[in-house]
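Peer 1: Residue numbering for the sequence shown follows numbering that gives the first Met the number 0, beginning at 0 and increasing consecutively.
All residues carry an ideal CB built from backbone N, CA and C; glycine is no exception.
Bear in mind the structure is a predicted one, so any value in this text is a computation, not a measurement.
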Amino acid sequence: MKSKVKAMVHPIRIRILQTVMNSAGMTASDISQKLPDIPQATLYRHINALLKVDIIEVVDENRVRGTIEKVYSVSNTLESNTSKEVNEASKEEHFSFFFNYLMGILSQYETYLQSESVDLKRDGVSYRQWYAYLSYEELIELIESIKELIDKAAENEPNGNRQLMSIANIMLPSKN
0 MKSKVKAMVH PIRIRILQTV MNSAGMTASD ISQKLPDIPQ ATLYRHINAL
50 LKVDIIEVVD ENRVRGTIEK VYSVSNTLES NTSKEVNEAS KEEHFSFFFN
100 YLMGILSQYE TYLQSESVDL KRDGVSYRQW YAYLSYEELI ELIESIKELI
150 DKAAENEPNG NRQLMSIANI MLPSKN
């Protein structure tokens with residue numbers, strides 16, 4: 000069985016999954032409209048990778064001008080299967096998942112730094128680390144608050160005033 004977690008940590012796949020997750024079902028054309036910065040061939044390649052490991056599934060097919068247009072949705076078994084995979088993963092596998100996640104972020108940052116006009120302040124680029132003493136309940140409340148804010152922002156449609164931002168989140172217990 001191919002690793003669902005490993006397949007999901009790619010930045011483009013994360014964006015596709017988040018886009019599909021917020022809908023009742025989307026075609027590749029719908030996804031492309033929500034993610035206009037991803038070239039069509041790249042989008043299809045990543046959709047197929049997500050299909051291959053049952054992260055998304057085809058829930059309907061529409062006949063359009065003699066072709067079949069597939070409608071995608073998040074797999075009904077995704078949460079239980081990924082939870083199982085994460086719970087059963089070895090320390091080495093967890094390290095690999097986390098490493099792949101970090102490499103995706105590092106790749107995005109490298110691409111940004113290679114652009115013609117780099118202005119961290121203007122572009123809203125930042126990386127920060129905070130520390131807070133939290134009980135388990137307080138941690139869950141913080142996570143839910145952050146998720147609520149990000150989910151609201153993720154509903155924004157692209158337009159001339161908005162810049163696509165990648166927001167990454169890591170929470171780890173810290174040794175003093």
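Exposed or buried, what is His-45 when buried is set at 16 or more other beta-carbons lying within 10 Å of its beta-carbon?
Peer 2: So His-45 ends up on the buried side.
Peer 1: So who's on the other strand from Asn-61, going by DSSP bridges?
Peer 2: BP columns for Asn-61 point to Glu-68.
Peer 1: If you follow the alpha helix (DSSP H) that Glu-143 is in, where does it begin and where does it stop?
Peer 2: Segment 135–153, the alpha helix (DSSP H) holding Glu-143.
Peer 1: Can you tell me which of Val-124, Ile-142, Arg-121 puts its alpha carbon nearest to the alpha carbon of Ala-131?
Peer 2: With distances taken between Cα atoms, Ala-131 lies closest to Ile-142.
Peer 1: What residue range is occupied by the uninterrupted alpha helix (DSSP H) comprising Thr-110?
Peer 2: Looking at the DSSP string, the run of the alpha helix (DSSP H) that includes Thr-110 is 90–112.
Peer 1: Starting from Glu-87, trace the alpha helix (DSSP H) both ways and give me its first and last residue.
Peer 2: Glu-87 -> alpha helix (DSSP H) spans 77–87.
Peer 1: With a cut-off of 8 Å on the beta carbons, I'd call Ile-59 and Val-70 a contact; round off their distance for me.
Peer 2: For the record, residue 59 in the displayed sequence is Asp; it is not Ile. Sure, about 4 Å apart at Cβ, within 8 Å.
Peer 1: Measure the beta-carbon distance from Val-19 to Ser-72 and round it to whole angstroms, keeping in mind my assumption that it falls under 8 Å.
Peer 2: Contact holds; Cβ gap of about 6 Å.
Peer 1: For Tyr-135, which option in Lys-146, Pro-172, Glu-109 has the closest C-alpha, if you only look at C-alpha atoms?
Peer 2: The shortest C-alpha separation from Tyr-135 is found at Pro-172.
Peer 1: Spatial neighbours of Ile-11 within its chain, please: C-beta separation below 7 Å, excluding the five flanking residues on both sides.
Peer 2: Closer than 7 Å at Cβ, skipping near neighbours: Ile-37, Thr-41, His-45.
Peer 1: If contact is defined by three or more beta carbon pairs under 8 Å, each pair taking one atom from either stretch, is the stretch 21–35 in contact with the stretch 151–162?
Peer 2: Yes, the stretch 151–162 is in contact with the stretch 21–35.
Peer 1: Check this for me: beta carbons of Asn-168 and Ile-145, under 8 Å apart or not?
Peer 2: For Asn-168 and Ile-145, yes; Cβs fall inside 8 Å.
Peer 1: In this structure, does DSSP put Ile-169 in helix, strand or coil?
Peer 2: Coil, per DSSP.
Peer 1: Compute the Euclidean distance between the alpha carbons of Ser-79 and Tyr-100, then round it to the nearest angstrom.
Peer 2: Their Cα atoms are separated by approximately 21 Å.
Peer 1: Have a look at the DSSP bridge pairing and note the partners of Met-25.
Peer 2: The partner list for Met-25 (beta bridge, DSSP) reads Tyr-71.
Peer 1: My assumption, with CB atoms under 8 Å, is that Glu-56 sits in contact with Ser-74. Please give the rounded CB distance.
Peer 2: Sure, about 5 Å apart at Cβ, within 8 Å.
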